[in-house]
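Chains as they are written, first to last, in my numbering: chain D, 2 to 232; chain Z, 629 to 755; chain P, 10 to 283.
Below is one structure, written out as structure tokens, with a few remarks after it.
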Amino acid sequence: MANFECRALGKRYGHVQALENVDITVESGRVVGLLGPNGSGKTTLIKLANGLLTPDAGSISICGKAPGPETRAMVSYLPDRPMLPQWMRARELIKFYADFYADFDTQRALDMLGRLGVPADRRIRQMSKGTQEKVQLILVMSRRAKLYLLDEPIGGVDPATRDFILDTILRNFDGGSSIVISTHLISDVEKALDDVVFINNGHVMLQSSVDDIRERNGMSVDALFREVFKC
Amino acid sequence: MDWEIRDDAPIYSQLVAQIKLGIAAGALSPGERLPSVRDLAAEAGVNPNTMQRALQELERQGLVYSQRTSGRFVTEETDVIENAKRSLADEQVRSFLDAMARLGYMRDDILRLLEARIREESGNGEL
Amino acid sequence: MLSKLLKYEFKATGRVMLPVLIALLAVSGLLNLCGSVAEHTRSQIISLITGMLGFVYVMAILAIGVVALVAVIYRFYKNLLTDEGYLMFTLPVNVHGLVWAKLIAAVVWLVAAFADIVLSIFVLVAPLRLGWGAEFVQFMGQFFRELAAAGINGFEVAAFALELLLIVVLGIIGSCLVFYTAMSIGYSFANHKALLSVGFYFGIGFVTQVLGVSLLIGLGTALDGVEFNFVYTLRNALNLGHATLLGICLLELLYDGALYFGTTFMLKRRLNLP
């Protein structure tokens with residue numbers, strides 16, 4: 002049973018077809034890049050997987066179950082925006098996560114926070130935007146989830162932060178789980194991925210492993226992406 | 629080790645080549661214990677699955693062996709390492725010859741150029 | 010999970026509500042202190058301060074109302090319909106838990122605000138008339154004795170009190186749910202979310218009015234010409250009272266239920282976070 006699977010998935014916003022007939026399978030242990038230009042439907046797909054949107058057609062399953070409270074216990078989600086309440090302290094948020102998620106590893110979160118040099122008693126409001134993003138990532142990656150859905154985790158961050166983020170992601174996931182990373186900055190994450198899914202205008206254009214693409218085309222996924230999405 | 633991943637070849641084969649080079653050049657000594665897959669992957673900035681695949685390929689080639697409980701080690705069989713070193717050297721020579729051929733040099737010219745170069749370098753060495 | 014949600018709900022709202030509630034009591038305490046001092050000293054400055062404190066006190070009462078209302082509406086909006094919604098709606102809880110946590114906290118804070126205002130009035134007048142507590146107890150005792158003499162026992166009084174309490178609580182829940190429903194519908198649209206919410210708030214109010222009036226007219230028409238042989242006895246009067254109050258409860262329950270369904274349906278099926 003795949004950790005994440007969608008079949009003939011479709012979603013419309015009014016007259017705009019955001020996703021159409023999307024089939025994706027993510028097996029356990031895989032790190033999958035969901036690649037596409039802005040507005041291609043990446044965020045819509047991830048929101049559907051989290052049950053934040055309801056599909057118009059097709060189905061989504063996470064470890065065989067449709068999105069709901071039960072799958073949310075298995076999915077660790079990093080949205081493409083700050084979601085943490087501004088008034089809460091880092092320590093309170095760690096407690097919050099530990100309270101709601103049985104798979105949350107408090108010690109790991111505190112360790113990462115310490116490595117980052119963020120005082121646990123500082124409020125989110127008092128942190129820089131970059132630090133807020135890092136705290137959010139630490140909370141998300143401190144869970145031992147079956148599926149991590151990371152929406153643009155490296156969008157608009159400096160190279161040092163990008164390395165911290167990728168390092169955190171790669172060090173914290175283990176064999177039984179899977180990661181889906183959505184991004185339009187491919188060259189930065191390419192080395193971290195097993196497979197890629199190219200998505201454009203709500204359609205899946207290509208699904209392949211990174212090394213297959215490199216072997217077949219003699220070029221990086223990033224170069225292939227630029228060729229496919231020439232603008 | 630310094631890791632450098634180029635864009636034009638599969639990542640896993642580059643990892644195999646670089647670790648092999650490390651072993652052949654002695655940066656990784658015979659019998660040395662390798663870091664865990666996760667640490668190696670994080671160090672190289674690559675996916676752990678890809679690193680795992682590369683190490684399995686090296687195991688298949690006999691350059692690395694794993695002990696179920698204590699991890700992975702560089703082989704202690706020096707002839708295997710010697711062979712690997714030799715095949716890497718052959719590869720270098722072949723690509724050198726290819727490049728020279730493309731420039732239009734014949735075998736005799738190539739040998740002359742090589743000898744001159746080596747003499748020059750050893751001459752500098754004596755200074 | 011509801012208990013965990015409630016814990017964080019009260020943490021978030023208490024941060025705003027508790028200081029305001031305490032401040033009102035402090036102002037009323039200070040006010041009567043100054044009042045009694047002013048009575049004895051006739052100092053101009055003390056009178057002036059007392060006057061100002063009186064003004065502050067009235068403002069504080071108004072502030073409590075505003076803060077409580079804002080806490081109810083804004084908290085729902087901020088926590089569920091803005092970026093924080095990404096955190097809340099991906100917790101392993103269902104929509105009912107999220108809405109109930111908001112409702113329970115809202116009822117508790119609105120009741121607490123009301124109790125706080127009543128308490129502040131007691132604080133304000135108490136020291137001026139020492140022994141008011143005893144008088145109050147005496148008064149209540151007499152009240153119950155007279156009721157008992159008229160044939161209304163404590164059980165009856167308790168039942169009425171319970172019915173009234175139910176009406177108040179259901180009423181509060183209903184008034185919160187109108188906001189929740191209006192925002193859940195308004196924020197399901199892509200644009201003009203806030204404006205649409207206001208529109209839906211008045212829309213729901215209008216529909217409620219129309220339904221209420223139709224119900225009254227319908228009831229009047231249905232009962233027109235019906236002969237009542239209501240024999241006036243105390244028992245019958247009390248029963249009529251209970252029936253009326255329970256009828257109001259039932260109507261409120263229907264109203265609240267419809268709004269609750271509307272809110273949870275929209276949040277479950279039509280959620281559209283920015």
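Here a beta-carbon is modelled for each residue, glycine too, at the ideal position from N, C-alpha and C.
Quick caveat, the model's predicted, so the values are computed rather than measured.
Where do the ends of the beta strand (DSSP E) carrying histidine 204/D lie?
Along the first sequence, one-based indexing puts residue 204/D at 203. Note, histidine 204/D: beta strand (DSSP E), 204-210.
Go ahead and pull the three-state DSSP assignment for threonine 21/D.
Here residue 21/D is taken as the residue at index 20 of the first sequence, counted from 1. As written in the sequence, residue 21/D is glutamate, which differs from the threonine given in the question. The answer is strand: DSSP assigns glutamate 21/D an E or B state.
Is isoleucine 126/P near isoleucine 82/P, with beta carbons less than 8 angstroms apart?
For the purposes of this step, residue 126/P is taken as residue 117 along the third sequence, with counting starting at 1. For the purposes of this step, residue 82/P is taken as residue 73 along the third sequence, with counting starting at 1. Contact flag unset, no.
Can you find a CB in chain D that lies within less than 8 angstroms of the CB of serine 700/Z?
Stepping through the second sequence from its first residue, residue 700/Z is reached at position 72. Here residue 700/Z turns out to be arginine, not serine, going by the sequence shown. By this cut-off, arginine 700/Z is not an interface position.
Along the region 38-61 of chain D, where does the CB come closer than 9 angstroms to a CB of chain P? Name the residues.
Lys48, Asn51, Gly52, Leu53, Leu54 and Thr55
Partners in chain D for alanine 114/P, counting only beta-carbon separations shorter than 7 angstroms
Position 105 of the third sequence, counted from the first residue, corresponds to residue 114/P. Near alanine 114/P there are no residues of chain D at all, since even the closest Cβ is about 15 angstroms away, more than 7 angstroms.
Who are the near neighbours of phenylalanine 701/Z in its chain, counting only those whose CB is closer than 8 angstroms to its CB and skipping five residues on each side?
Position 73 of the second sequence, counted from the first residue, corresponds to residue 701/Z. For phenylalanine 701/Z, where only same-chain residues beyond five positions count, the Cβ hits under 8 angstroms are Gly659, Glu660, Arg661, Leu662, Val692, Tyr693, Ser694 and Gln695.
How many angstroms separate the CA atom of glutamate 632/Z from the CA atom of glutamine 680/Z?
Stepping through the second sequence from its first residue, residue 632/Z is reached at position 4. Stepping through the second sequence from its first residue, residue 680/Z is reached at position 52. Taking the straight line joining both Cα atoms gives about 17 angstroms.
Return no unless some Cβ of chain D is closer than 8 angstroms to the Cβ of valine 102/P.
Indexing the third sequence from 1 puts residue 102/P at position 93. So, interface residue.
Could you list which residues in chain P have their beta carbon closer than 7 angstroms to that of alanine 74/D, in chain order?
As a position in the first sequence, residue 74/D is number 73, starting the count at 1. Neighbours of alanine 74/D on chain P, chain order: Pro101.
Status (buried if at least 16 other CB within 10 Å, exposed otherwise) for threonine 286/P:
In the structure as shown, chain P starts at 10 and stops at 283, and residue 286/P therefore has no counterpart that could be examined.
At least one CB of chain D closer than 8 angstroms to the CB of valine 674/Z: is that the case?
Translated into positions along the second sequence, residue 674/Z becomes position 46. Closer than 8 angstroms: yes.
Starting from the N-terminal side, write out each stretch of the beta strand (DSSP E) that is 3 residues or longer and does not extend beyond the region 678-712 of chain Z.
692-695 and 699-702
Please report how far the alpha carbon of methionine 149/D lies from the alpha carbon of leucine 112/P, in whole angstroms.
Your numbering for residue 149/D matches position 148 in the first sequence. Your numbering for residue 112/P matches position 103 in the third sequence. Checking the sequence, you will find tyrosine at residue 149/D rather than methionine. Answer to the nearest angstrom: the Cα atoms are 32 angstroms apart.
For serine 221/D, go through chain Z and note every residue whose CB falls closer than 8 angstroms to its CB, in chain order.
Within the first sequence, the letter at position 220 stands for residue 221/D. Simply Asp635 and Asp636.
Bounding residues of the alpha helix (DSSP H) (the contiguous stretch that carries aspartate 164/D)
Residue numbering aside, residue 164/D sits at position 163 when the first sequence is read from its first letter. Residues 160-173.
Quick one: give me the first and last residue of the beta strand (DSSP E) that arginine 123/D is part of.
In the first sequence, residue 123/D corresponds to position 122, counting from 1. Element bounds for arginine 123/D: n/a, residue is neither H nor E.
Under the assumption that aspartate 100/D contacts alanine 670/Z (Cβ atoms under 8 angstroms), give the Cβ distance between them as a whole number of angstroms.
Here the question's residue 100/D lines up with position 99 in the first sequence. Here the question's residue 670/Z lines up with position 42 in the second sequence. Contact doesn't hold; Cβ gap of about 30 angstroms is too wide.
Is asparagine 51/D helix, strand or coil when you go by DSSP?
In the first sequence, counting from the first residue as 1, residue 51/D sits at position 50. Coil, per DSSP.
Assuming asparagine 245/P contacts phenylalanine 239/P under a Cβ cut-off of 8 angstroms, what Cβ separation, rounded to an integer in Å, is found between them?
Sequence index remark: in the third sequence, residue 245/P carries index 236 (1-based). Sequence index remark: in the third sequence, residue 239/P carries index 230 (1-based). Indeed, because the Cβ distance is near 7 angstroms, the residues count as touching under 8 angstroms.
Does the pairing of the region 86-106 of chain P with the region 80-90 of chain D give three or more beta-carbon distances under 8 angstroms?
yes
Between tyrosine 83/P and chain D, is the shortest Cβ-Cβ distance under 8 angstroms, so that the two count as touching?
Taking the third sequence and counting its residues from 1, the one referred to as residue 83/P is at position 74. Chain D, which has no Cβ nearer than 8 angstroms to the Cβ of tyrosine 83/P, makes this no.
Are at least three pairs of beta-carbons, each pair with one atom in the region 56-74 of chain P and one in the region 64-76 of chain D, less than 8 angstroms apart?
no
Boundaries (first-last residue) of the alpha helix (DSSP H) holding valine 290/P:
Past the boundaries of the shown model lies residue 290/P; chain P is included only from 10 to 283, so the question cannot be answered.
Give a yes or no on whether 8 angstroms exceeds the smallest Cβ distance from aspartate 159/D to chain P.
Working through the first sequence from its first residue, we reach residue 159/D at position 158. It does not: the Cβ of aspartate 159/D has no partner Cβ on chain P nearer than 8 angstroms.
Can you name the start and end residues of the beta strand (DSSP E) that isoleucine 180/D belongs to?
The count along the first sequence starts at 1 and reaches residue 180/D at position 179. Run containing isoleucine 180/D: 179-184, per the beta strand (DSSP E) assignment.
Quick check: what's the CA-CA separation for alanine 252/P versus glycine 229/P?
Here residue 252/P is taken as the residue at index 243 of the third sequence, counted from 1. Here residue 229/P is taken as the residue at index 220 of the third sequence, counted from 1. One C-alpha to the other measures close to 17 angstroms.
Counting only the same chain and skipping the five closest in sequence on each side, list residues whose C-beta sits under 6 angstroms from that of isoleucine 58/P.
For the purposes of this step, residue 58/P is taken as residue 49 along the third sequence, with counting starting at 1. Taken in chain order, the residues that qualify are Cys43.
Tell me, please, whether the CB atom of leucine 117/D is closer than 8 angstroms to any CB atom in chain P?
Reading the first sequence from its first residue, position 116 is the one you call residue 117/D. Not one chain P Cβ lies under 8 angstroms of leucine 117/D.
Does any C-beta atom of chain D lie closer than 8 angstroms to the C-beta of asparagine 711/Z?
If you number the second sequence from 1, residue 711/Z lands on position 83. No, no contact with chain D.
Which same chain residues, not among the five before or five after phenylalanine 153/P, have their C-beta less than 8 angstroms away from its C-beta?
Translated into positions along the third sequence, residue 153/P becomes position 144. Gly163 and Val166.
Establish whether the CB of arginine 144/D and some CB of chain P are separated by less than 8 angstroms.
Here the question's residue 144/D lines up with position 143 in the first sequence. It does not: the Cβ of arginine 144/D has no partner Cβ on chain P nearer than 8 angstroms.
Of the listed residues Arg735/Z, Val644/Z, Tyr733/Z and Ile709/Z, nearest to serine 657/Z (C-alpha basis):
Here residue 657/Z refers to the residue found at position 29 of the second sequence. Checking every option, the nearest Cα to that of serine 657/Z belongs to Ile709/Z.
Taking its Cβ as the centre, do 16 or more other Cβ atoms sit within 10 Å of arginine 634/Z, making it buried, or is it exposed?
Against the second sequence, residue 634/Z aligns to sequence position 6. Classification for arginine 634/Z: exposed.
Any C-beta of chain D sitting closer than 8 angstroms to the C-beta of isoleucine 639/Z?
The sequence position of residue 639/Z within the second sequence is 11, counting from 1. Closer than 8 angstroms: yes.
Should lysine 43/D go down as buried or exposed, given a rule of 16 or more other Cβ atoms within 10 Å for buried?
In the first sequence, counting from the first residue as 1, residue 43/D sits at position 42. Buried.
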